[in-house]
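See structure below.
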Amino acid sequence: MTASPAAIAAVRELLTTGESAGGVSSALAEPLQLGLCSLDTATGCMMARAGLVQLDARLPNIDETIAAMFACQSELRTTWLRIVSARLREAGKRRDAAELCQAIDTLGEASRRIRDELPHASLQSTGHVTLETALFGAPAEQAVVWPKLLRVIGATAEIIEGQRGEAVTALPAVEPLDPKRTWCNGRLLQMPVVDGTEPQDLTFVLKGNCGPLSDAEQVGGDIESQAVMRWVLYRPWITLLAQVAFVQEAWEAEQISGRLTLELAEDQLSNPYEPSRVDVVVTTPDGDEILCGTLADLVRRVLARLDVTLLARPEDAAQLDQQLALVVRLLLEKKIWRFEPGAGGGRRPGFVIDDEFSTSCYRAFGSKYFYRLGSVLTAAIRSSCEQWAREKLSESGTTRGRELPDYLAERVTG
């Protein structure tokens with residue numbers, strides 16, 4: 003295999019944006035067969051899939067994930083496995099049991115394959131020096147590369163030696179006015195971006211961009227309420243959080259089935275318009291009021307139910323509540339959500355759907371695209387909340403006063 007700067011750039015683009023139009027599918031044929039990415043044959047666009055995000059989570063940085071993608075190519079993998087075999091044989095000769103045990107544990111299901119390659123073990127140059135230097139910073143047989151090589155082989159062992167990787171079909175293009183198509187199984191969602199960053203030209207990935215509509219997205223004949231609804235529908239994070247407030251209102255209107263409440267966390271009372279934590283409280287039909295977790299926790303559960311994967315490294319995904327603070331501010335500015343200071347009826351300070359936007363949801367444009375076609379999101383949010391509350395109730399005997407803040411522990415009842 004010859005060095006391919008274009009293929010390396012394409013993988014980096016897949017990991018950062020979710021798509022690549024680099025035209026390098028032939029160089030990544032085996033990752034395609036393993037379901038790490040898929041190809042839209044009509045456009046030649048490659049799209050990252052959940053398997054690639056999961057692979058990225060197993061490795062310490064994006065550079066090693068890129069190397070892991072190339073480790074899926076059989077020609078490279080065989081030569082690299084022979085280097086790993088040689089390193090393990092050296093450790094055996096030194097009787098370094100600790101290194102051997104750690105390496106075998108890291109290799110996982112690739113360990114048997116390593117044993118098969120022992121007769122061919124070699125620390126000679128593989129003939130892929132340029133590519134290896136681009137991936138690892140040095141040729142693969144160099145000692146400095148050994149820990150990285152071990153990790154990338156181990157991270158891909160489950161899908162290759164474990165034979166759990168399989169090709170996935172390409173996804174349809176995102177269609178903002180068709181939520182059922184847009185939020186289909188297998189889709190990726192970028193982390194939210196609220197600043198003025200230039201929006202990316204993506205077709206198959208749910209964009210993180212929460213900014214104003216572009217000229218191409220605007221429709222001249224829209225009245226103000228339609229323009230706001232169009233913005234909501236064209237911005238996936240805004241759609242999702244607007245639907246949460248919509249579900250909240252519809253659920254409470256039933257009066258006999260409990261309710262969903264979005265409460266301002268106690269430590270955010272001085273920051274109600276850009277809170278870094280919004281608590282999700284679910285009240286059951288029996289009146290049990292349960293603090294389930296945060297808004298970011300709810301988002302993760304809804305995405306899992308929809309089979310939509312957040313395109314983010316674990317350390318970035320862990321900051322989702324902080325990222326959502328900026329989105330909440332935008333929702334309040336655009337009058338999609340409204341802040342209620344609480345007080346009356348024992349309600350705590352929190353957030354509800356804005357009255358004007360609620361009305362827009364039932365007008366012709368909003369009713370068709372947000373309310374009716376958006377039922378896939380409505381159902382996912384409602385069922386996620388109900389399941390979450392049931393889980394918290396079943397755990398309440400062990401979580402009360404431990405996992406929840408002291409001032410809220412008494413709210414979980416069993």
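Quick note on this note's numbering: the sequence shown kicks off at 3 and runs consecutively.
Quick reminder that beta carbons are idealized off the backbone N, C-alpha and C, glycines included.
Please read all numbers here as calculations on a predicted model, not as lab measurements.
Excluding the five sequence neighbours on either side, which residues of its own chain have a C-beta within less than 6 Å of the C-beta of Ile-64, listed in chain order? Here residue 64 refers to the residue found at position 62 of the sequence shown. Same-chain partners within the cutoff: Leu-17.
Between the segment 241-260 and the segment 216-230, do at least 3 Cβ pairs fall closer than 8 Å? no
Neighbourhood of Arg-237 by C-beta, 6 Å cutoff - its chain only, sequence neighbours within 5 removed: Against the sequence shown, residue 237 aligns to sequence position 235. Correct list, in chain order: Cys-212.
Going by CA-CA distance only, name the one from Met-193, Trp-253, Phe-138 and Gln-220 that's closest to Val-207. Start at 1 with the first residue of the sequence shown, and residue 207 comes out as number 205. When only C-alpha atoms are compared, the closest one is Met-193.
Report, in whole angstroms, the separation of the C-beta atoms of Ala-247 and Ile-355, which I expect to be a contact under 8 Å. What you label residue 247 is simply residue 245 of the sequence shown in a count that begins at 1. What you label residue 355 is simply residue 353 of the sequence shown in a count that begins at 1. With a Cβ gap of about 4 Å, Ala-247 and Ile-355 count as contacting.
Classify Pro-407: buried if its beta carbon has 16 or more other beta carbons within 10 angstroms, exposed otherwise. Taking the sequence shown and counting its residues from 1, the one referred to as residue 407 is at position 405. Residue confidence is low: Pro-407 scores 43 on pLDDT, short of 50, so the model does not pin down where it sits. No coordinate-derived value is stated.
Tell me, which residues are paired with Met-49 by DSSP? Within the sequence shown, the letter at position 47 stands for residue 49. In DSSP, Met-49 forms a bridge with Glu-21 and Ser-40.
Reducing DSSP to helix, strand and coil, say where Val-234 ends up. In the sequence shown, residue 234 corresponds to position 232, counting from 1. DSSP places Val-234 in helix when its eight states are reduced to three.
Which first and last residues belong to the alpha helix (DSSP H) in which Arg-279 is found? By 1-based counting over the sequence shown, the position of residue 279 is 277. Here Arg-279 belongs to no alpha helix (DSSP H), and DSSP marks it neither H nor E.
Nearest by alpha-carbon distance to Ser-87: which of Ser-124, Thr-361, Glu-335 and Tyr-371 is it? As a working mapping, residue 87 is identified with position 85 in the sequence shown. Measuring from the Cα of Ser-87, the nearest candidate turns out to be Ser-124.
Would you check if the segment 74-88 and the segment 30-41 touch, i.e. whether three or more CB-CB distances between them fall below 8 Å? yes
Leaving aside the five residues before and after Asp-281 along the sequence, list all residues of the same chain whose C-beta is less than 7 Å from its C-beta, in chain order. Numbered from its first residue, the sequence shown carries residue 281 at position 279. In the same chain as Asp-281, and ignoring 5 residues on each side of it, the C-beta atoms closer than 7 Å to its own belong to Glu-265, Ala-267, Leu-293 and Thr-296, in chain order.
Excluding the 5 residues preceding and the 5 following Leu-120 in the sequence, name in chain order all residues of the same chain whose CB lies nearer than 7 Å to its CB. For the purposes of this step, residue 120 is taken as the residue at position 118 of the sequence shown. Once the five neighbours on either side are set aside, the close Cβ partners of Leu-120 are Ser-87 and Arg-91.
Find the nearest neighbour of Val-154 within the set Trp-82, Asp-98 and Gly-188, judged by alpha-carbon distance. Start at 1 with the first residue of the sequence shown, and residue 154 comes out as number 152. Of the listed residues, the one whose Cα sits closest to Val-154 is Trp-82.
Please classify Asp-309 as buried or exposed, where buried requires at least 16 other C-beta atoms within 10 Å of its C-beta. If you number the sequence shown from 1, residue 309 lands on position 307. That one is exposed.
For a test of the three-state rule: what should DSSP assign to Thr-108, helix, strand or coil? As a first step, residue 108 must be located in the sequence shown, where it is residue number 106. Thr-108 falls in the helix class under three-state DSSP.
State the Cα-Cα distance for the pair Glu-177 and Lys-150, rounded to the nearest angstrom. As a first step, residue 177 is located in the sequence shown; it is residue number 175 there, counting from the start. As a first step, residue 150 is located in the sequence shown; it is residue number 148 there, counting from the start. Distance between the alpha carbons of Glu-177 and Lys-150 is about 40 Å.
If you drop the 5 nearest sequence neighbours on each side, which residues of the same chain put their C-beta closer than 6 Å to that of Ala-93? Translated into the one-based positions of the sequence shown, residue 93 becomes position 91. The answer, listed in chain order, is Glu-101 and Leu-102.
4 or more residues per run - each alpha helix (DSSP H) lying fully within the segment 311-363: 316-319, 322-335 and 357-362
For Lys-394, is the classification buried or exposed, using 16 other Cβ atoms within 10 angstroms of its Cβ as the cut-off for buried? Within the sequence shown, the letter at position 392 stands for residue 394. By the neighbour-count rule (16 or more Cβ atoms within 10 Å), Lys-394 is buried.
How is Arg-261 classed by DSSP in three states: helix, strand or coil? Your numbering for residue 261 matches position 259 in the sequence shown. Per DSSP, reduced to three states, the secondary structure at Arg-261 is strand.
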